[in-house]
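Colleague:
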Amino acid sequence: MVEPLYYQMRSVGVKPDVKTFTILIKALCKDNEIDSALGLLKQMSSVHGLVPNQVTYTTVIHGLIEEDRMEDALNLWKLMESNGCIPSTNTYNVLVHGYCQQGRLDEAVMFLEEICGSGFCPDTVTFNTIVNGFFKQGRLEEAAKLLEEMCVSGFYPDTVNFNTIINGFCKAKEMGIAADMLYKMVEGGFKPNIATYTTLISGLCRSNQMGPALRLLKQMSSDHGLVSNKEIYTNLIGGVFKQDRVEQSLELWKEIDSNGCIPGNLTYNRLLHWFCRHGRVEEAARLLEEMSGVGFCPDTVTFNIIINGFCKKGRVSEATRLLKEISGTGFCPDTVTINTIINGFCKAGETGKAVDLLEKIVEEGFKPNVVTYNTLISGLCKRRKYQEARRLLDEMVVRDCVPNIVTYNTMIHAMSKEGKMEEVIELLSELTKKGLEPN
RNA sequence: GAUUCAUUUCCCUCAG
């Protein structure tokens with residue numbers, strides 16, 4: 000994407016300057032084209048006679064660090080110095096961040112001391128980077144100590160500092176302290192931003208503290224004019240959901256609607272699944288229709304949930320009808336879809352139809368998996384069709400499906416219920432021969 | 001035109 004642009008510029012006779020190169024390099028880094036970025040860095044001096052500056056080097060060093068290539072980053076820093084380019088505060092901050100990202104906190108601190116010794120002045124970003132690193136490793140005392148050191152050195156905390164601290168305590172499940180920090184922050188005259196609330200509300204949701212979380216949702220707009228985002232809603236819905244407060248989660252969905260930030264399919268699928276689990280498949284289907292109207296794009300999982308919902312109620316014909324309906328609209332059923340319907344037939348006692356379906360899909364080139372066979376074998380055993388179950392057990396191997404412990408458990412369970420102990424023993428030895436553990 | 005905080009990996013569908 001970026002390189003063609005560069006050649007295009009050249010072909011029209013535009014001579015890029017250092018700044019332009021840096022922008023191009025940055026774009027390459029963002030596209031995970033760090034090696035092309037390195038190439039371009041070389042080219043700018045060798046081909047174009049341009050001297051990379053602080054910003055250029057820092058950009059590339061940052062790109063390397065994003066790719067976890069810390070040693071390369073350090074080498075480039077040395078090269079930069081030997082080329083007479085003095086690193087800036089940003090350059091050092093990037094390197095400190097590199098150490099922290101790799102979890103090398105002690106080296107980060109050493110590095111900081113080293114560069115301070117050679118006259119470098121750290122800033123809030125430097126401190127915050129390391130503080131964040133400590134928090135990420137759960138080293139709360141060290142984080143606190145460094146924060147104090149930062150303050151006595153005459154640096155005032157800023158919003159990002161507070162966010163880092165709040166996030167740190169959230170990750171440490173210290174929700175009380177995290178929530179307190181927000182108050183301290185406001186008291187101290189600092190403005191919380193969307194990151195502050197995203198961190199805190201998400202943390203509260205994960206700790207099942209839905210009351211405070213919902214209160215903060217209101218507060219963020221009333222007190223600070225902040226607009227909630229997808230992340231926040233996703234966590235709120237997930238949270239109220241865990242507590243089975245579905246009606247409340249539906250209310251949140253309505254709010255989202257008017258905000259235009261639609262959570263991902265995962266959240267939505269969970270909601271539909273909840274209804275299906277509770278035997279309320281109609282409501283799920285109706286919700287799906289409503290949501291499709293407002294721009295939600297159902298995926299394979301979505302349809303599998305609804306199909307399974309019908310099957311679980313014994314309404315397999317409706318499930319297959321839905322499948323036909325959506326197949327016409329470009330939806331591709333997967334193995335789970337097929338397994339779901341096969342299971343539906345089995346549970347309805349229609350094992351004949353289940354086996355037929357397997358044959359049909361295999362003819363169409365569909366690949367069954369272990370679950371397909373386990374489902375069928377279980378269904379056949381329940382109807383006491385043991386010969387056919389056994390036939391499938393042999394067939395599945397031919398079709399590249401390796402029987403697992405569930406397969407054997409199903410068979411063994413059936414055989415022992417029938418008192419066919421010789422069969423049980425044979426199956427047990429078959430299973431151990433395959434390296435499986437009986438359980 | 002470059003650096004630190006939330007947002008990629010807690011979690012969605014099928015057999016047992």
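For the first sequence, position 44 matches number 43 in numbering that gives the first Met the number 0, and the numbering has no gaps at all.
Built from N, CA and C at the ideal position, the CB exists for glycine as well.
1) Just confirm the distance between the C-beta atoms of Ile-60 and Leu-23, as a whole number of angstroms; I'd bet it's less than 8 angstroms.
2) Along the chain, where does the alpha helix (DSSP H) containing Ala-177 start, and where does it finish?
3) With a threshold of 8 angstroms, are at least 3 pairs of Cβ atoms found where one atom belongs to the stretch 167-179 and the other to the stretch 144-151?
4) Quick check: Leu-504 and Leu-251, are their CB atoms within less than 9 angstroms of each other?
5) Which residues mark the beginning and the end of the alpha helix (DSSP H) in which Leu-388 is found?
6) Hey, would you say Gly-128 sits closer than 9 angstroms to Ala-107, going by beta carbons?
7) On a CA-only basis, which of Gly-308, Lys-346, Lys-384 is nearest Glu-417? Give me that one, please.
8) Given a cut-off of 9 angstroms on the beta-carbon distance, is the pair Lys-229 and Pro-262 in contact?
9) Identify the continuous alpha helix (DSSP H) that holds Phe-20 and give its terminal residues.
10) Between the alpha carbons of Val-335 and Asn-303, how many angstroms are there, rounded?
11) State yes or no: is the C-beta of Met-69 within less than 9 angstroms of the C-beta of Gln-101?
12) State buried or exposed for Gly-202, treating a residue as buried only when at least 16 other CB atoms are found within 10 Å of its CB.
13) Assuming contact is defined by CB atoms lying nearer than 9 angstroms, are Thr-319 and Ile-341 in contact in what I supplied?
14) Out of Glu-254, Lys-241, Asp-243, point me to the one whose CA is closest to Val-226's CA.
15) Measure the alpha-carbon distance for His-47 versus Thr-55 and round it to whole angstroms.
16) Are there three or more Cβ pairs, one per stretch, closer than 8 angstroms when the stretch 299-316 is compared with the stretch 276-291?
17) Taking C-alpha atoms, which residue in Ile-325, Leu-104, Glu-112, Gly-118 lies nearest to Ile-85?
18) Taking buried to mean at least 16 other C-beta atoms within 10 Å of its own C-beta, is Ile-404 buried or exposed?
19) Counting only the same chain and skipping the five closest in sequence on each side, list residues whose C-beta sits under 8 angstroms from that of Trp-76.
20) Rounded to whole angstroms, what's the CA-CA distance from Lys-419 to Lys-346? Just pull it up for me.
21) Check whether the Cβ atoms of Phe-240 and Asn-264 lie closer than 9 angstroms to each other.
22) Do you know how far the Cα of Cys-204 is from the Cα of Glu-282?
Modeller: Once the coordinates are examined:
1) At roughly 16 angstroms, the Cβ-Cβ gap does not stay under 8 angstroms, so Ile-60 and Leu-23 are not in contact.
2) 174-186
3) no
4) In this structure the chain extends from 0 to 438, so residue 504 is not present and cannot be described.
5) Per the sequence presented here, residue 388 reads as Ala, with Leu not at that position. Where Ala-388 is concerned, the enclosing alpha helix (DSSP H) stretches over 385-397.
6) Checking the sequence, you will find Thr at residue 128 rather than Gly. The answer is yes: Cβ separation under 9 angstroms.
7) Lys-384
8) yes
9) 17-29
10) 7 angstroms
11) yes
12) buried
13) no
14) Glu-254
15) 15 angstroms
16) yes
17) Gly-118
18) exposed
19) Tyr-56, Ile-60, Pro-86, Thr-90, Leu-94
20) 24 angstroms
21) no
22) 26 angstroms
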